[in-house]
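Notes for the one structure printed next.
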Amino acid sequence: AQSVTQLDSQVPVFEEAPVELRCNYSSSVSVYLFWYVQYPNQGLQLLLKYLSGSTLVKGINGFEAEFNKSQTSFHLRKPSVHISDTAEYFCAVSLIKAAGNKLTFGGGTRVLVKP
Amino acid sequence: DAGVIQSPRHEVTEMGQEVTLRCKPISGHDYLFWYRQTMMRGLELLIYFNNNVPIDDSGMPEDRFSAKMPNASFSTLKIQPSEPRDSAVYFCASSPRLWQGSTDTQYFGPGTRLTVL
Numbered sequence: 001a002q003s004v005t006q007l008d009s010q011v012p013v014f015e016e017a018p019v020e021l022r023c024n025y026s027s028s029v030s031v032y033l034f035w036y037v038q039y040p041n042q043g044l045q046l047l048l049k050y051l052s053g054s055t056l057v058k059g060i061n062g063f064e065a066e067f068n069k070s071q072t073s074f075h076l077r078k079p080s081v082h083i084s085d086t087a088e089y090f091c092a093v094s095l096i097k098a099a100g101n102k103l104t105f106g107g108g109t110r111v112l113v114k115p
Numbered sequence: 116d117a118g119v120i121q122s123p124r125h126e127v128t129e130m131g132q133e134v135t136l137r138c139k140p141i142s143g144h145d146y147l148f149w150y151r152q153t154m155m156r157g158l159e160l161l162i163y164f165n166n167n168v169p170i171d172d173s174g175m176p177e178d179r180f181s182a183k184m185p186n187a188s189f190s191t192l193k194i195q196p197s198e199p200r201d202s203a204v205y206f207c208a209s210s211p212r213l214w215q216g217s218t219d220t221q222y223f224g225p226g227t228r229l230t231v232l
């Protein structure tokens, strides 16, 4: 079975500062990797995903993530955050060609952007 | 496309009452998932369906919880009787049959916030 660990439950950051959210996964087979964002009182929205190819993946809203197979990590970064980036961020994995794209989620990281 | 639709958005009920949550998946999606989100336990997969058939219900917490999918465009999650510890946000998500390309993933509804008093 696969598992996902998000090392930081909360990350406070000042506006226009960079942010990195850490995600490590465990799996005995190859997986697909995802980052979702959940704005207050909303559902989850896909930020980006890694399926194959370049290990640096660019997503929406200026976010990017880098897949590191040797370290089994998929950290999310943004060089300059805005107040509107205040949200909870979830890292998730899926077995390749998993039935229904079944996802295993990490515990989430709350990002609070301060002015 | 309207996306995944859930109703109601908010539900407040008293302990012991029956609660029914509803979900309409994206048209053409073969898979439907029900999740529960709480502060203590995070995001948990309760059950998922393929072509209206329940495939894995190992996440359903107790017999008080049941889910059905009578057709491809509608699913319900029922709690009977409800208890205060069932208070949570319940999400429905749908996805296509298999990975078809770079855009495939699970699409989430806005959730139903359930409060059991």
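Order-wise, the sequence lines are chains A and B.
Just so we're aligned: the first sequence equals residues 1 to 115 in the working numbering.
Just so we're aligned: the second sequence equals residues 116 to 232 in the working numbering.
All C-beta atoms in this analysis are idealised placements derived from N, C-alpha and C, irrespective of residue type, glycine included.
Just so it is clear, the structure is predicted and the values come from calculations on it, not from any experiment.
Checking contacts by CB at 7 angstroms: is residue i closer than that to chain A?
i	result
F189/B	no
T220/B	yes
L158/B	yes
G143/B	no
F206/B	yes
G226/B	yes
F180/B	no
With 7 angstroms set as the bound, which would you pick, yes or no: does the beta-carbon of residue i sit closer than that to a beta-carbon of chain B?
i	result
G59/A	no
G53/A	no
L7/A	no
L95/A	no
G116/A	Residue 116/A falls outside the range modelled here, since chain A spans only 1 to 115, and no answer is possible.
L103/A	yes
L33/A	no
L46/A	yes
G62/A	no
Is residue i buried or exposed, if buried means 16 or more other CB atoms sit within 10 Å of its CB?
i	result
D201/B	buried
I194/B	buried
Y39/A	exposed
V134/B	buried
F74/A	buried
K78/A	buried
T55/A	exposed
V127/B	exposed
Q10/A	exposed
R124/B	exposed
Q71/A	exposed
R156/B	exposed
A92/A	buried
What does DSSP give as the partner residues of residue i in its beta bridges?
i	result
S26/A	S3/A
E126/B	L229/B
I162/B	W149/B
N186/B	F189/B
G157/B	T153/B
P169/B	F164/B
Q10/A	R110/A
R137/B	S122/B and T191/B
E20/A	R77/A
Cα-Cα, which of the options is closest to residue i?
i	options	result
L103/A	M184/B, F189/B and I162/B	I162/B
T5/A	A17/A, G106/A and L112/A	G106/A
Q86/A	F34/A, Q42/A, L33/A and L7/A	What sits at residue 86/A in the sequence shown is Thr, not Gln. With distances taken between Cα atoms, T86/A lies closest to Q42/A.
V231/B	H125/B, Y205/B and E198/B	E198/B
S30/A	N68/A, I83/A and L76/A	N68/A
A1/A	I83/A, R22/A and S27/A	S27/A
L95/A	V204/B, T220/B, Y205/B and C207/B	T220/B
S84/A	S9/A, L7/A, E15/A and E20/A	E15/A
P185/B	P225/B, N165/B and I120/B	N165/B
E205/B	S188/B, P169/B and A182/B	Inspection of the sequence shows that residue 205/B is occupied by Tyr rather than by Glu. Cα-wise, what sits closest to Y205/B is A182/B.
E88/A	L47/A, A17/A, Y32/A and L33/A	L47/A
M130/B	D171/B, R179/B and C138/B	R179/B
L192/B	S142/B, L158/B, T227/B and T153/B	T227/B
D172/B	S190/B, G157/B, F148/B and S188/B	F148/B
A203/B	S210/B, S209/B, N167/B and L160/B	L160/B
Can you determine whether any heavy atom of the ligand MN sits closer than 6 angstroms to the C-beta of residue i, and answer yes or no?
i	result
Q6/A	Among the components modelled here there is no ligand, and therefore nothing to report on the ligand MN.
* **3-residue-minimum beta strand (DSSP E) runs that sit fully inside the region 31 to 96 of chain A, ordered along the chain** => 31 to 38, 44 to 50, 56 to 58, 64 to 68, 73 to 78 and 87 to 95
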